[in-house]
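Each remark here refers to the structure printed beneath this line.
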Amino acid sequence: MTDEMLPAELLTTLNEQFPCRAPQIRRLAALVGTDETPSPPAIILHGLEATGKTTILRTFLGSVEASYTWIACHECVTVRQLMERISVGVTENVGGGDAGRAGDVCALGVRLSGALSGVERKHFLVLDRVDRTREGSNVLFAALGRLGEAIPSLTVIFILSVPKLRFLSSAEPPHIHFAPYTKEESIKILSKYVRRIPSQDIEEYTEADAKEELYVWQKFCGTVWDSLAKGTARGVVQFRAIVDEMWEPFVKPIAEGKYGTRNYSSLYLLHKDMFRRETNVIDTVVPAGAGEKTVTKIHDLPYYSKFLLCAAYLASYNPARQDAMFFMKSNDFGRKKRRGGTTGPTKRTAKNRKIHRRLLGPQAFPLERLQAIFAAILPHRLSSSADVQTQIATLTSLRLLTKASATDVLEASTKWRVNAGWDYIRHVARTVKFDIEDFVAE
Amino acid sequence: MESTPPEEVYVDEFDPKGHQGCYIFTLDGEEDRPTKRRKTKGKQRATEKAAAEEEKCPFPVLLEGTEAESTLKLRYRTYCKLWGTQEKSTKAILDSFNSKTLDDVSAFVRDVAPEKFEGKIPTALVLAGPNIASHELLFEQLAQRIRNQDRTGPVVVLTSKDATNLKTALRKLIRDATQQDEGVDDEEEDIVRKSTKLLNYDLQILQTWCESHGGQKVTIAVQDSEAFDSNVLSDLITLFGSYLDRIPFVLLVGIATSVEIFHDKLPKSTIRLMRGNKFDVERAEECLAQIFNDSMTSDKAVLRLGASVCDFLLERYRDHTQSIQAFVAALKYAYMSHFYANPLSIILGFIDSPDGLGDVLSTEHVEAIRNVPSFRRYVEGKLAAKEVGEVRKLLTDDNYVRHAVTKKIAESRNYGIELGQALAFLEIGRSCTLIQNKIPRYELYAKALSGELQNSPAIREFLMSLKRMNSTTLLNLLENVMQEVQTPAITESLRPLQEKIKKLVEEAEASGGKRNLISEFDITNNTLRGTAVSKKVRLGEQKSSLTKQDTEYSALVQQVYTIAESYLTANFNTSQHGLQNVLLHEIFFYDLRSPHSAVFAPKPRSTIERGLSQPQDYLACSCCTSADGEEVGIRGTQPPTSIIYQLYLESGALINIYDLWSAFYSVIAGDDEDFDVPTAQALFYRSLAEMRFLGFVKHTKKKTDHIAKLAWKGI
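Laid out in C-alpha cells, this is it:
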C-alpha cells in the first residue's frame, strides 16, 4: 500500500536479509515511513522470543536513516534509571544541550518536549523488551504511550512479547505481530547458515558439494524439528543451537566416506538413537560431554546432616497424624502401613481422588517435629548436642531447608520446609543405608 | 572521619560533662583528657599497651598458687612458640591445598571469552563442598590470584549478604570493580566525573570503565550460590548476559551441594545464558589428612593428641561438621588447655635443648612429676627389676628426678616420632596393595594409641598382601617407603633387599624378557578349582612352573615380610611398646576428652531438661532424694519450675491452665491443708513465666484457657 514511499530496493535487501518476514517489514515501512509522512504516536511490535523483532526493527531504522533512540528496558534496574536513560539518550541523539535529569515520567515529558521542540525530523523512541522493565507498572506504560501524543514529532515504539489488552490504556495503537516461525520457515532461515561437512580429502569446494550439503542440511533440519525441536525448542535460536550441536556427529559417516549424501534415510536409521535422547534439548551450564573426562569427586554432607535432611523430607511430605504409625518404636518399627489380613483385592475406589503428596509440594513443619523424626530414624541413639543445631543451620544456609514462616528463627513455632527433591533425598538416604522408601506415606 | 578540626572546635564549646548522668571523680584526672584526643599519641599508647598485654600472661598460677612467676611466663611463652609454629605450618597447608583448583580456575578465567561459548557468559562452576567455612578462604584466594597474579581485571566476590536485592548487589559490584586498580589516578577521576550523571547501580559505569581499560575481564565470583535469592541471582545473570557485548564478564559460581540443585534453582532461560566448565575442589578429607599428619605424626610435632581426644575430633569431623577450620580450632584448643592447666607442660619447651630444664623445675614441679601415673609406673617397673637404690633416689632426691627427667624427655618424644613413622610405613604399604579399603593415617593413629592396632586386620591384611606381591608392585612400594619414611630402623634393612630384587628383575629381563616376577605365595590368581586336593595339585604345578628367578624372588619376599612384620609388631605391641610405658606421656600426649566435648559440642537442651526433671541431681539435698537412692517423683520440696515442668511432661499438646494450677497446688501444698493460696499462685505465675521464657510453652488461640506445649523431652 505505501511501499512507494521507500525505495523498493531497500525492502528487497531487507527481505533477503530476513526471510519470511515480508509482511512485518512492509507494515513497518508504512508506519515509520519517511520524514514527510506522519507516524502514529505509538507502535507496538509483539511476538515471542526469537522472532526477529529487535533485529529487524534495528536494521530497518538504521537503513532508512531514521532518527531514533534505542533503550534496552531490561537493562534498567529501576524506573528512575529508565527515565534517565531515555532523557539522556534522546537529548544526545537529537543534539540538544544538557539540561538536568529526569527522575520520573512527568519530568521526562517536560524534558523531551523541550529537547524535541526545535527539531523538524520525526524521532523514534524504541523501548526494547518493555514488558521486562523492573518495577514497571501499567501507569508507567500508559504515560510512556502518551508521550507520543503530547509531543508531535515523537513516536514511541514498544517491543514486547505478549500484548495485553489495553496495555497503554488508550485507543489501541497499531500492532505488528511477529508470528513464530513455522517448520518450513525455520528451515528456510537455517538454510542461510549451512554448515559444511567436515571432510578432509576434498581439496576444492565445488558448487555441487554445496548443493549436496544444502540437501543434507535441510533434510536434517526437518528431522530435528520433527523429533526434538517441535516440542521443546520452537525458537529459531534454540533450534539452531540444537542443530549445530547434533550436526557434526550426524554427518561424521559422510565425512569419513562411509555414506553418500543421498541415502539420507539409512543415515537416519544409523543415528536413530540420537533423536531419541534429550541431552541436546536440556539446558545445562556445563555441556554434557565436557565434564566427563574428570572423575567427579563427591562432596559429602556429614553423616548426621544426611539424616537430618531425610527427616526434614519426611516431615515435609508425611502428614503429621501418621507420624506415630511410622516412627513409634513400639509397633513394628520401620514397617509400612499394615494392610489388614484380608485376602484378595479389596480395592475400593476412594470417594474423592487423592493427589499424590509428592505432587503437592513440601509442607511446613515445626523444628520440634524434625528433631523427633531425626531421633526416630537414627540407627542408634544420639544425645542431641549443639552440633545438631549447627547442622540444621548449615542446611538452611545451603537452602536445603528453608524457613516457611516470617517469625524469628529461634521461635519454637517457626515452620520450616525441605527444599530438595525426591531423587536427591533418595540418593542421600542410600549413602547412609537408610531405607527412606519405608517411611514415606503414599 | 578525617576532618577533625571542626570537631575540635565543637568539643571546645560543648562541655560534655554538663550533660553527663554520673561522674567519676579523680583527683589528678585532668591529665588524662587532652591526651585522648591526640590521635598519634593514642596509637603509641595502643602499641605500648599491646606490648604490655603480651607480657601479661593470661594463664593462672598453678600448683596451688606456688608456681613461680617465671615458670608461669615460661609456660605461656612455650605455648605461644609451639602453637605459633604449628599454626604457621597448618596455614601453609591450607594455602597450598587449593592450588590445583586455583590453577584450573585461573587458567579458565584467563583463556575464556564469550565468543568461545556462542556468546554465552563464560561460567566456572566451582564445586566447593558442603563445608561453608572454607568457601570464604577459597574465594579470597581465587580473587587474590586473579587480581594480582593473572591480572586479567577486577574481581568482585559477591556473597548472599551483599545481595539482598538487585540494587545493592549491583552497587557493590560496581564499586568493587571500579575501585580495584589504583594505578591510574587521573583516569579514575575522569570516569567518576563522567559517571556522576549515572545512578550508582547503573552498569554503564562499569561499561565506561571497561572502555577506558581495554582488555580487562570483569570476574564476578558468586560465593554461596545456594544462599542467594534465586530471583536476584537470575536477574543478575540476565543483566550480565545483556551487557556481555560491552562488558566482558566471567562468572564464577561456588556450589556447595550439586550442579543439579543449582540448575533447579534458576529458570531455564537463565541457564541458557551461561556456558562453561565445572571445577572440583579437593575433598576436605585430603586436607584433613595433611593437617593431621603434619600436626600429629610428623617428626616436628611436639604436643600430640591422645586416643580419646583424637577419636572425638575425628568423629565430630566425620559425623557433624566436615570442617577443617573446626578441626584446627579444636587443635588450638587442645594446645591451649594443655598449657593452661598443666604446670608440667613447660617441659615441652626444653625438648630441643634439655639443658636448662633442671634449673627451672621447682620442688613443687618435681612433686607433681612424682604424682603423674606414668612416673609411678616407671618406678614400679624399676622396683620389679630390683633396682631399689634407683627407686629410693627417685622418690627422695629431687635433683635426681630433675636429672632423670632431663635425660628421659628425648626418649619420650621419640616414642611419638617412631609411632608416626611406623604409621607412615603402614599407610604407604597399604596404599600400594589394598587400594579398595584404604584407611587413612589419622584413623590408624587413634587405633595405634589405644592399642587396637596390635592384632588388627589392618596389619594382617597388609602383611598377607605383601607376601603375594609381584616384583613391580613390591619395588614400587619399597621406592615409596624409601622416599617417605626416614627411619633407619626399617630403611636400612630394606635397602639391600631392594637392590637385590632390582638386580633379579634386570637379570630376568635380560634372560627371558619377563619383567614381572611373581611370588610363590601368590596363588590367588587361579583358584578356580574348588577341592583341597585339586588345589594342592594346582599348587604343585604352579610351583614347578616358577622360574629360577621367581624362586629367588620368593625368598627375598619372605625376607621383606619378616622385616616388616617384626617392625610393625615391635611398634604396635602395647605390652612392650605401649603408650602406658612411656615416661611422662601425659605431657606429650594431650588426652582429655571432656573439655573438648563441653566446649565444642555442648548439650544445652538435655542439660536444661535434666535440671528441670531431676533437680536432685544438681541440688543434692536430702529432701528430694529418697533414702535408697531411687528416683523420686514430684515433690513439693522441689523448685516450683521443676514441678511445673514435670507436670508439663505428663500433659498433651494443649494444656489447660486451670488443671495445671490445681495439680501444681496439690503438689506444693502436699498434706498442708491451709497452704497460702496467694503464695502458691505467685510461685505458679513465676514458674510459668520461666517456662515460657525457656521456650517450652506458648499462648494459643486454638482453645481458650489453654497453652500450647512446644517441646518434648528427650529429643
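Quick note, the sequences are listed as chains A and B, same order. The numbering of the first sequence is the numbering used here, which starts it at 1 and goes up by one. The numbering of the second sequence is the numbering used here, which starts it at 1001 and goes up by one. Quick reminder that beta carbons are idealized off the backbone N, C-alpha and C, glycines included.
Separation of residue j from residue i, as counted between CA atoms
| i | j | result |
| --- | --- | --- |
| A1329/B | D1672/B | 56 Å |
| A1326/B | V1309/B | 14 Å |
| A372/A | T1607/B | 18 Å |
| L1236/B | L1166/B | 7 Å |
| L105/A | T37/A | The residue you asked about is not Leu; residue 105/A is Val in the sequence shown. Going by the C-alpha atoms only, they are around 28 Å apart. |
| R1037/B | C1057/B | At R1037/B the pLDDT is 45, less than 50, meaning the model places this residue with poor confidence; the figure from the coordinates comes in the next sentence. Those two C-alpha atoms are separated by around 30 Å. |
| Q1421/B | I1428/B | 10 Å |
| W217/A | K258/A | 18 Å |
| K1701/B | L1683/B | 25 Å |
| E1499/B | N1476/B | 13 Å |
| E16/A | K192/A | 10 Å |
| G33/A | L57/A | 13 Å |
Span of the beta strand (DSSP E), counted from its first residue to its last, around residue i
| i | result |
| --- | --- |
| A420/A | Neither: A420/A is in no beta strand (DSSP E) and is coded neither H nor E. |
| L165/A | Looking at the DSSP string, L165/A is not in any beta strand (DSSP E), and its letter there is neither H nor E. |
| T402/A | 401-403 |
| D1280/B | 1274-1280 |
Local conformation of residue i per DSSP, three classes
| i | result |
| --- | --- |
| P1354/B | helix |
| S67/A | strand |
| T1071/B | helix |
| K1709/B | strand |
| I355/A | coil |
| H271/A | coil |
| T1321/B | helix |
| G344/A | Only weak support exists for where G344/A lies, its pLDDT of 47 falling under 50; the value from the coordinates is given anyway. DSSP places G344/A in coil when its eight states are reduced to three. |
| D128/A | strand |
| E1030/B | Low per-residue confidence applies at E1030/B: pLDDT is 48, beneath 50, and the placement is therefore not dependable, though the value from the model is reported in the following sentence. Here E1030/B sits in helix by DSSP. |
| T13/A | helix |
| K1116/B | helix |
| K1056/B | coil |
| A290/A | Confidence at A290/A is low in this model, with a pLDDT of 49, below 50, so its placement is unreliable and the value that follows should be read with caution. Helix, per DSSP. |
| I377/A | helix |
Contact list for residue i against chain A, beta-carbon separation under 9 Å
| i | result |
| --- | --- |
| G1695/B | L410, E411, A412 |
| K1603/B | S383, S384, S385, A386 |
| E1226/B | S397, L398, R399, L400 |
Closer than 7 Å at the beta carbon, the chain B residues around residue i
| i | result |
| --- | --- |
| Y303/A | R1318, D1319 |
| T133/A | Ordered by position in chain B, no residue passes the 7 Å Cβ test against T133/A, which lies about 12 Å from the chain. |
| A375/A | I1715 |
Neighbour list for residue i in chain A, Cβ cutoff strictly below 8 Å
| i | result |
| --- | --- |
| L1166/B | V77, R134 |
| A1163/B | Going along chain A, no residue has its Cβ under 8 Å from A1163/B, so there is no contact; the nearest lies around 13 Å. |
Neighbouring residues, chain A, relative to residue i (Cβ below 7 Å)
| i | result |
| --- | --- |
| I1718/B | Look at the range of chain B in this structure, 1001 to 1715, and you will see that residue 1718/B is not part of it. |
| H1263/B | T284 |
| W1766/B | No information on residue 1766/B is available, as it lies outside the stretch 1001 to 1715 that chain B covers here. |
The alpha helix (DSSP H) enclosing residue i, as first and last residue numbers
| i | result |
| --- | --- |
| H1585/B | 1585-1588 |
| L1303/B | Where L1303/B is concerned, there is no enclosing alpha helix (DSSP H), given that its DSSP letter is neither H nor E. |
| T1123/B | Not the alpha helix (DSSP H): T1123/B falls in the beta strand (DSSP E), residues 1121-1127. |
| K122/A | From DSSP, K122/A is part of no alpha helix (DSSP H); its letter is neither H nor E. |
| H177/A | Looking at the DSSP string, H177/A is not in any alpha helix (DSSP H); the run it does join, the beta strand (DSSP E), is 175-178. |
Chain B contact residues for residue i, given Cβ-Cβ distances below 9 Å
| i | result |
| --- | --- |
| E84/A | K1197, L1198, L1199, D1202 |
8 Å Cβ cut-off: residues of chain B touching residue i
| i | result |
| --- | --- |
| A72/A | S1242 |
| Q81/A | L1199, Y1201, D1202 |
Taking 8 Å as the threshold, find out whether the segment 1215-1228 of chain B comes into contact with the segment 1148-1162 of chain B through three or more Cβ pairs.
yes
Below 8 Å, can you find three or more Cβ-Cβ pairs linking the segment 1479-1496 of chain B to the segment 1447-1458 of chain B?
no
Counting pairs of beta carbons, one from the segment 39-53 of chain A and one from the segment 166-176 of chain A, are three or more of them closer than 8 Å?
yes
Taking 8 Å as the cut-off, does the segment 1409-1427 of chain B touch the segment 1612-1623 of chain B (at least 3 CB pairs, one atom from each stretch)?
no
Taking 8 Å as the threshold, find out whether the segment 89-96 of chain A comes into contact with the segment 1248-1258 of chain B through three or more Cβ pairs.
no
For the segment 19-34 of chain A against the segment 52-60 of chain A, do three or more pairs of beta-carbon atoms, one drawn from each stretch, fall closer than 8 Å, so that the two count as touching?
yes
Can at least three beta-carbon pairs, one atom from the segment 1228-1248 of chain B and one from the segment 1118-1126 of chain B, be found at a separation below 8 Å?
yes
Assess, as a yes-or-no matter, whether the segment 1209-1219 of chain B is touched by the segment 385-400 of chain A under the definition of 3 or more beta carbon pairs within less than 8 Å.
no
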